[in-house]
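Peer 1: By the UniProt record's numbering, the letter at position 122 of the sequence shown is numbered 122, and the numbering carries on one by one without gaps.
Below you'll find the structure I mean.
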Amino acid sequence: MNPIKITIDYLRERQSFTVLVLHITILILVLSQILVSDFMGFNEAGEISQNTLDFYGTWIHIITGLSLIPITLIFIAVEIKKQGVKHFFPYLFSDFSQLKSDLFELRKFKIPEVKTGGLGAIIEGLGLGALSLVLLSGSAWYLSWNLNGAWTHNIKDIHELFTGLVQAYVIGHGCMGLIHIFMGRWNHGRS
Numbered sequence: 001m002n003p004i005k006i007t008i009d010y011l012r013e014r015q016s017f018t019v020l021v022l023h024i025t026i027l028i029l030v031l032s033q034i035l036v037s038d039f040m041g042f043n044e045a046g047e048i049s050q051n052t053l054d055f056y057g058t059w060i061h062i063i064t065g066l067s068l069i070p071i072t073l074i075f076i077a078v079e080i081k082k083q084g085v086k087h088f089f090p091y092l093f094s095d096f097s098q099l100k101s102d103l104f105e106l107r108k109f110k111i112p113e114v115k116t117g118g119l120g121a122i123i124e125g126l127g128l129g130a131l132s133l134v135l136l137s138g139s140a141w142y143l144s145w146n147l148n149g150a151w152t153h154n155i156k157d158i159h160e161l162f163t164g165l166v167q168a169y170v171i172g173h174g175c176m177g178l179i180h181i182f183m184g185r186w187n188h189g190r191s
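If you want it as structure tokens, here you go:
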């Protein structure tokens, strides 16, 4: 039993090829951003450190972050076009019916399927929002840094705060996704 193969097969069944490629690309780039961020460095003047590891780590983080912007925008556009805004953000339309149904299922220790306006879709929407905030704050930090802005350090702090949200989302969404996949597989095997 190869868990990576099972997960990829599960995603292939439920996502178009385009969404699957974008989803996996964003996951890999976000994980690399989290790892590379530990190897960023600036000197007292706010310039990129000349230490080899810090120098390359910082530029890899900047280039990867900038490349994430169009990829994420395409992903969001594809998902919103396919699913609609209400799928991810039903609370903006005062629609809590599917969320209530999903919470009722959870109380019975059943994992609900992802449906428009349900818990899974809302969590996906929150992830899109968190990633958008990280990209927006990262872009603002990059621009402020290039312009020697007075608020550069403050924008960096905001970016790091939002990055914490994405890290929590990646862990939570990833773990819940794996539980969903393997519990569904286990339940299917029992029936």
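Cβ coordinates follow ideal geometry from the N, Cα and C atoms, glycine included.
Does the stretch 151 to 165 touch the stretch 127 to 134, meaning 3 or more C-beta pairs lie closer than 8 Å?
Peer 2: yes
Peer 1: Just the C-alpha distance for Asp54 and Leu161, rounded to the nearest angstrom, thanks.
Peer 2: For the purposes of this step, residue 54 is identified with residue 54 of the sequence shown, where counting begins at 1. For the purposes of this step, residue 161 is identified with residue 161 of the sequence shown, where counting begins at 1. When rounded, the separation of the alpha-carbon atoms in Asp54 and Leu161 is 21 Å.
Peer 1: How many whole angstroms separate the CB atoms of Ser137 and Ile158, which I take to be in contact at a CB cut-off of 8 Å?
Peer 2: Numbered from its first residue, the sequence shown carries residue 137 at position 137. Numbered from its first residue, the sequence shown carries residue 158 at position 158. Right, the Cβ-Cβ distance comes to about 5 Å (below 8 Å), so this counts as a contact.
Peer 1: Using a Cβ-Cβ cutoff of less than 8 Å, which residues in the same chain neighbour Tyr142 once the five nearest sequence positions on both sides are dropped?
Peer 2: Here residue 142 refers to the residue found at position 142 when the sequence shown is read from its first residue. Contacts found: Ile62, Gly65, Leu66.
Peer 1: Taking the alpha carbon of Trp145 as the reference point, which residue from Glu47, Glu79, His87, Tyr56 has its own alpha carbon closest?
Peer 2: Counted from its first residue, the sequence shown places residue 145 at position 145. Comparing Cα-Cα distances from Trp145 to each of Glu47, Glu79, His87, Tyr56, the minimum goes to Glu47.
Peer 1: Could you give the distance in angstroms between the alpha-carbon of Gly174 and the alpha-carbon of Ala150?
Peer 2: On the sequence shown, residue 174 is found 174 positions in, with the first residue counted as 1. On the sequence shown, residue 150 is found 150 positions in, with the first residue counted as 1. Here the alpha carbon of Gly174 sits roughly 38 Å from the alpha carbon of Ala150.
Peer 1: Are Leu128 and Phe88 closer than 9 Å when you measure CB to CB?
Peer 2: Translated into the one-based positions of the sequence shown, residue 128 becomes position 128. Translated into the one-based positions of the sequence shown, residue 88 becomes position 88. Yes, Cβ-Cβ distance for Leu128 and Phe88 is below 9 Å.
Peer 1: Could you tell me the alpha carbon to alpha carbon distance between Pro112 and Leu178, rounded to whole angstroms?
Peer 2: As a working note, residue 112 is residue 112 in the sequence shown. As a working note, residue 178 is residue 178 in the sequence shown. For Pro112 and Leu178, the distance between alpha carbons rounds to 14 Å.
Peer 1: Can the beta-carbon of Leu11 be found less than 9 Å from the beta-carbon of Leu20?
Peer 2: Sequence index remark: in the sequence shown, residue 11 carries index 11 (1-based). Sequence index remark: in the sequence shown, residue 20 carries index 20 (1-based). Cβ distance < 9 Å, so Leu11 and Leu20 count as in contact.
Peer 1: Give me the DSSP bridge partner(s) of Ile48.
Peer 2: In the sequence shown, counting from the first residue as 1, residue 48 sits at position 48. Answer is Phe42.
Peer 1: Inspect the beta-carbon positions of Gly84 and Asp102 and report whether they are closer than 9 Å.
Peer 2: Within the sequence shown, the letter at position 84 stands for residue 84. Within the sequence shown, the letter at position 102 stands for residue 102. Cβ atoms of Gly84 and Asp102: not closer than 9 Å.
Peer 1: Would you give the residue range spanned by the alpha helix (DSSP H) that Phe104 belongs to?
Peer 2: Here residue 104 refers to the residue found at position 104 when the sequence shown is read from its first residue. Per DSSP, Phe104 belongs to the alpha helix (DSSP H) from 97 to 107.
Peer 1: Do you know offhand how far Ile80's Cα is from Phe109's?
Peer 2: Counting from one through the sequence shown, the residue named residue 80 turns up at place 80. Counting from one through the sequence shown, the residue named residue 109 turns up at place 109. Distance between the alpha carbons of Ile80 and Phe109: 30 Å.
Peer 1: Taking Leu68 as the reference, which of Arg14, Ser139, Ile8, Gly120 has the closest Cα?
Peer 2: For the purposes of this step, residue 68 is taken as residue 68 along the sequence shown, with counting starting at 1. Comparing Cα-Cα distances from Leu68 to each of Arg14, Ser139, Ile8, Gly120, the minimum goes to Ser139.
Peer 1: Return the CA-CA distance between Phe17 and Ile8, expressed in angstroms with no decimal places.
Peer 2: Numbered from its first residue, the sequence shown carries residue 17 at position 17. Numbered from its first residue, the sequence shown carries residue 8 at position 8. Straight-line Cα distance between these residues: approximately 11 Å.
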